[in-house]
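Participant: According to the working numbering, the sequence shown is numbered sequentially starting from 194. Can you keep this structure in mind? I'll have questions shortly.
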Amino acid sequence: MPNLRFTLFRTWLGRPESLLVLVLLGMLTGVATGLVMTGFLLLLNGLLSLLNGDSLEDFESLSLPMRFALPLLGSLALIALYRWTPARVHNVGIAHVIDRLQRGRGRLAAGNVFFQLAAAVLALGSGHSVGKEGPAVHIGAGIANQLGQRTHRVPSQLRLLIGCGTAAAISAAFDTPLAGVLFAMEVVLMEYSLLGFTPIIAAAVTASATSRWLIGEHPSFIAIELQSAQISDWPLLVLTGLAVGLLAVAFHHLVRLMQRHGPARRATRLLLAGLLVGSMAMVVPEILGSGFDTVNQTLSDPQPWQTLALILIAKMIATACAVGLGIPAGVIGPILVIGACGGALMAALLPGASDMALYALLGMAGMMSAVLHAPLAALAAVLELSLSAQAMFPAMIVVLSANLVCQHGFRLPSLFRGILEAQGLSIQTHPVRTALAQRYLSELGTRQFGSCDPATEGDRIAALAKSPYRWVVLQLDNKAYLIARERFAACHQDWIQLEPEVRPPFAEAVQSLIGPYSRLHPLADDITLLEAVKSLQQEETAGFLLPLDDGNTGLVTRAQLVSVLTSEGDIQ
Numbered sequence: 194m195p196n197l198r199f200t201l202f203r204t205w206l207g208r209p210e211s212l213l214v215l216v217l218l219g220m221l222t223g224v225a226t227g228l229v230m231t232g233f234l235l236l237l238n239g240l241l242s243l244l245n246g247d248s249l250e251d252f253e254s255l256s257l258p259m260r261f262a263l264p265l266l267g268s269l270a271l272i273a274l275y276r277w278t279p280a281r282v283h284n285v286g287i288a289h290v291i292d293r294l295q296r297g298r299g300r301l302a303a304g305n306v307f308f309q310l311a312a313a314v315l316a317l318g319s320g321h322s323v324g325k326e327g328p329a330v331h332i333g334a335g336i337a338n339q340l341g342q343r344t345h346r347v348p349s350q351l352r353l354l355i356g357c358g359t360a361a362a363i364s365a366a367f368d369t370p371l372a373g374v375l376f377a378m379e380v381v382l383m384e385y386s387l388l389g390f391t392p393i394i395a396a397a398v399t400a401s402a403t404s405r406w407l408i409g410e411h412p413s414f415i416a417i418e419l420q421s422a423q424i425s426d427w428p429l430l431v432l433t434g435l436a437v438g439l440l441a442v443a444f445h446h447l448v449r450l451m452q453r454h455g456p457a458r459r460a461t462r463l464l465l466a467g468l469l470v471g472s473m474a475m476v477v478p479e480i481l482g483s484g485f486d487t488v489n490q491t492l493s494d495p496q497p498w499q500t501l502a503l504i505l506i507a508k509m510i511a512t513a514c515a516v517g518l519g520i521p522a523g524v525i526g527p528i529l530v531i532g533a534c535g536g537a538l539m540a541a542l543l544p545g546a547s548d549m550a551l552y553a554l555l556g557m558a559g560m561m562s563a564v565l566h567a568p569l570a571a572l573a574a575v576l577e578l579s580l581s582a583q584a585m586f587p588a589m590i591v592v593l594s595a596n597l598v599c600q601h602g603f604r605l606p607s608l609f610r611g612i613l614e615a616q617g618l619s620i621q622t623h624p625v626r627t628a629l630a631q632r633y634l635s636e637l638g639t640r641q642f643g644s645c646d647p648a649t650e651g652d653r654i655a656a657l658a659k660s661p662y663r664w665v666v667l668q669l670d671n672k673a674y675l676i677a678r679e680r681f682a683a684c685h686q687d688w689i690q691l692e693p694e695v696r697p698p699f700a701e702a703v704q705s706l707i708g709p710y711s712r713l714h715p716l717a718d719d720i721t722l723l724e725a726v727k728s729l730q731q732e733e734t735a736g737f738l739l740p741l742d743d744g745n746t747g748l749v750t751r752a753q754l755v756s757v758l759t760s761e762g763d764i765q
């Protein structure tokens with residue numbers, strides 16, 4: 194009876210109509226992520242207030258020795274954390290989440306989430322040039338994924354819940370629910386799904402509401418009055434986009450340089466990152482931390498172009514060192530700083546530019562879009578950060594120009610895809626192959642089949658012949674064969690009509706039903722539909738036997754798989 198209840202519950206959850214369940218799980222994800230992210234922000238802000246007082250990111254007020262020592266101490270603390278924890282929990286961040294979506298059946302281990310939380314506090318609290326959105330995404334996705342595993346979601350729905358957790362984390366951390374939804378779709382899931390929008394929006398809204406209820410509104414950047422871009426600005430906006438695109442290209446190459454030519458040992462890499470950032474911070478303290486105070490200063494008080502250029506170059510090098518050498522935190526915050534300085538620098542250098550604050554904001558959008566290949570998320574971030582629809586049109590011009598330079602001019606992948614490729618992990622981008630790689634055979638597996646072997650007794654054979662099953666799985670000599678139940682019943686009827694003296698064992702009689710495409714391929718683990726299609730191309734097989742989450746064996750026939758792939762059937 195417990196197994197029956199479990200089967201009925203899992204079947205109901207896996208139905209396409211269970212959108213309501215996904216929305217409820219999305220809302221629960223939003224509440225849980227909002228609570229955890231609020232605690233994370235309070236912990237981080239408490240640590241930063243011990244260093245910098247009320248101005249949490251005022252690293253500029255620290256003494257020269259403290260600016261040098263702080264990132265170095267953070268690196269030492271991270272080395273100790275890595276040494277005292279098992280290696281299986283050390284893969285973290287947005288790149289790890291994307292990898293698990295591609296190769297891990299959409300499952301995230303809880304241990305990695307806890308490690309990410311601790312590592313992020315150490316990295317961000319010690320002034321490394323990293324952001325909080327990477328840890329936020331991993332934490333939110335991990336919370337959602339654990340909820341999905343506890344409620345026995347199928348792999349494709351675990352993917353969707355990871356999107357819910359991503360959107361909830363971005364929404365709670367930055368108070369930008371729309372940007373969170375689009376970031377989840379563009380950067381993490383890498384697809385837009387009508388089914389996915391509703392649960393992901395529900396998660397983003399509930400996470401934002403939870404964090405606002407606990408700590409109030411907490412925008413990352415100050416609200417400013419922006420001047421509208423004039424028609425005379427349009428050529429300057431194109432030039433700004435091209436320049437920001439070149440900055441994104443330079444950043445990509447710096448990260449690759451650090452990844453390829455950095456020390457082999459993790460401890461040495463982390464120590465080197467601390468030394469480099471600490472050394473540069475003695476001259477340019479603005480590079481420490483996420484740098485949002487630098488953005489706010491750029492937006493509210495125009496800076497000399499020499500200052501902007503110095504901060505831009507130092508921040509880019511420091512962030513590339515942190516990311517390329519393996520500091521376990523995010524990159525989007527520093528990218529926004531680089532973009533803001535780049536946009537403001539173009540406004541300072543180009544004659545006739547209307548408003549430095551506007552160009553700084555547009556530089557942020559262009560840099561985020563070019564580095565992450567996320568134009569819609571970048572535009573949404575501009576809209577939510579500026580609270581001005583007037584910035585959207587010029588932002589589109591800058592984003593388009595920056596993306597053309599980075600994506601098509603230099604043919605660079607997104608930063609996270611590049612990080613994974615440097616580790617020897619490829620990402621599927623072809624739409625058909627991606628769709629097949631995102632679905633698993635267990636989502637098609639049925640338990641509605643009979644099973645027969647040489648030890649099966651006569652009464653059981655007779656019951657199978659009269660059963661409502663469509664298929665019977667015949668087990669002979671450690672091999673499995675697929676037999677249509679009607680043919681099995683006809684064979685049984687012919688067999689019982691034979692005289693007992695000349696009647697062979699039924700296992701011998703039924704072997705006449707074994708045809709060239711009746712062999713079943715047993716699987717030890719679940720595989721993707723892409724792997725299943727490749728297997729069908731290589732073997733003369735009638736289908737697959739695979740383990741299901743409830744401990745039973747499932748059957749997927751060749752005909753069933755072809756039906757789904759040609760849109761004649763549904764993944765239940």
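We put the CB at the ideal spot given by N, CA and C, even for glycine.
Contact check, Val330 vs Leu565 under 8 Å by CB: the rounded distance?
Facilitator: Not confirmed; about 12 Å, so no contact.
Participant: Nearer than 7 Å: is that true of the beta carbon of Leu613 relative to any heavy atom of the ligand FAD?
Facilitator: Within the structure as shown, the ligand FAD is missing, as the structure has no ligands at all.
Participant: At what residue ranges does the stretch 681 to 750 contain a whole run of the alpha helix (DSSP H), taking only runs of 4 or more?
Facilitator: 699 to 702, 722 to 731
Participant: Note down, in chain order, each residue of its chain lying with its Cβ closer than 7 Å to the Cβ of Leu266, except the 5 sequence neighbours on either side.
Facilitator: Result list for Leu266: Ser319, in chain order.
Participant: Pull up the distance between the alpha-carbon of Val290 and that of Ala334, whole angstroms please.
Facilitator: 8 Å
Participant: So, do the stretch 504 to 522 and the stretch 541 to 559 have three or more beta carbon pairs nearer to each other than 8 Å?
Facilitator: no
Participant: Just list the residues that DSSP pairs Ser147 with in beta bridges.
Facilitator: Because residue 147 is not part of the residues shown, which for the chain are 194 to 765, the question remains open.
Participant: Determine the closest residue to Gly643 out of Gly747, Asn305, Leu722, Ala366, with distance taken between C-alpha atoms.
Facilitator: Gly747
Participant: Using the Cβ count rule (16 or more neighbours within 10 Å means buried), how would you classify Met194?
Facilitator: Any reading at Met194 must be qualified, since the residue scores a pLDDT of 46, below 50, and its modelled position is unreliable; the value itself is stated next. So Met194 ends up on the exposed side.
Participant: Going by the DSSP bridge assignment, what does Ile676 pair with across the sheet?
Facilitator: The partner list for Ile676 (beta bridge, DSSP) reads Val665.
Participant: What residue range does the alpha helix (DSSP H) around Gly358 cover?
Facilitator: 348 to 367
Participant: Taking the CB atoms as reference points, tell me whether Val703 and Phe737 lie closer together than 8 Å.
Facilitator: no
Participant: So what's Thr639 in DSSP terms, helix, strand or just coil?
Facilitator: strand
Participant: Taking Arg298 as part of the alpha helix (DSSP H), name the residues at either end of that continuous run.
Facilitator: No alpha helix (DSSP H) contains Arg298, which DSSP labels as neither H nor E.
Participant: Would you kindly report the start and end of the unbroken alpha helix (DSSP H) that includes His331?
Facilitator: 326 to 343
Participant: Does the Cβ of Arg632 have 16 or more other Cβ atoms within 10 Å, making it buried, or fewer, making it exposed?
Facilitator: buried
Participant: State buried or exposed for His321, treating a residue as buried only when at least 16 other CB atoms are found within 10 Å of its CB.
Facilitator: buried
Participant: Could you pull out every unbroken alpha helix (DSSP H) segment of at least 4 residues lying fully inside the stretch 475 to 525, listed in chain order?
Facilitator: 485 to 493, 498 to 517
Participant: Can you tell me which of the three DSSP states Tyr552 falls into?
Facilitator: Correct three-state label for Tyr552: helix.
Participant: State yes or no: is the C-beta of Val592 within less than 8 Å of the C-beta of Leu605?
Facilitator: no
Participant: By a C-beta neighbour count over all protein chains shown, 10 Å radius and 16 as the cutoff for buried, is Met561 buried or exposed?
Facilitator: buried
Participant: Is it true that the CB of Gly484 sits closer than 8 Å to the CB of Lys325?
Facilitator: no
Participant: Determine, using beta carbons only, whether Gly373 and Gly559 come nearer to each other than 8 Å.
Facilitator: no
Participant: Output the distance between the C-alpha atoms of Gln496 and Phe367, rounded to the nearest integer angstrom.
Facilitator: 25 Å
Participant: Can you tell me which of Leu221, Tyr674, Ala362 puts its alpha carbon nearest to the alpha carbon of Pro709?
Facilitator: Tyr674
Participant: Can you grab the Cα-Cα spacing for the pair Arg751 / Val757, in whole Å?
Facilitator: Roughly 10 Å separates the two Cα atoms.
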